[in-house]
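Input: a single structure, listed below in structure tokens.
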Amino acid sequence: MAQKDVILLVEDNPDDEVLTRRALKKNDIPNEVVVARDGAEALDFLFGSGAHAGRDVAKPPQLVLLDLKLPKIDGLEVLRRLRADARTRLQPVVILTTSNEERDVVASYELGANSYIRKPVDFEQFMEAVRQLGTYWLVLNVPPPVKA
């Protein structure tokens, strides 16, 4: 059986993690969800270092859902490091955050985010946002080819 494509969810809030997983499941998005609870863990996963040493980095996540307000290393710095490295420069990254700060939106796009989504407070709205996100990024979008 082929390995499911992975979504890397970078989220430190356990409630938001549960809501995101629930919304993905309710929208029949079958991808395996790997959770990184801070920016350092996300970078370890993406670059196959630290606790994720030995992970096959030739199989990148299909999508990274990245919160901005994270412990250790914030989301903007994670994005900066992804875009600075040739191995992850083209990795699809969607900012999924509660931040309403215009400077966060601008900085995210300047650093190469593919999309910026504010988490709706209402669960039904959040469900719809995740459904649309899944349809676009996991079904319709053609990702860049993976270089060996």
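For the sequence shown, our numbering gives the first residue as 26, with consecutive numbering after it. Glycine included, each C-beta is placed from N, C-alpha and C at the ideal position.
Listed in chain order, the alpha helix (DSSP H) runs fully inside the segment 51-78 are 64-72, counting runs of at least 4 residues. Contact between residue 68 and residue 103 holds: their C-beta atoms lie close to 6 Å from each other, under 8 Å.
For residue 133, the uninterrupted alpha helix (DSSP H) segment begins and ends at 127-135.
Excluding the 5 residues flanking it on each side, residue 118 has same chain C-beta neighbours closer than 7 Å at 89, 91, 104, 107, 138 and 139, in chain order. For the 8 Å CB-CB criterion, residue 63 and residue 98 form a contact.
In the three-state DSSP reduction, residue 91 falls in the strand class (E or B). When C-alpha distances from residue 33 are compared across 87, 150, 162 and 128, the shortest belongs to 87.
The three-state secondary structure of residue 171, taken from DSSP, is coil.
DSSP lists 122 as the beta-bridge partner residues of residue 143. By the Cβ-count criterion, residue 165 is exposed, with fewer than 16 other Cβ atoms from all chains shown falling within 10 Å of its own Cβ. The three-state secondary structure of residue 104, taken from DSSP, is helix. If you look at residue 34, you'll find it in the beta strand (DSSP E) that goes 31-35.
Residue 111 sits in coil when the DSSP states are folded into three classes, being neither helix nor strand. Looking from the CA of residue 54, the closest CA among 169, 155, 168 and 167 belongs to 155.
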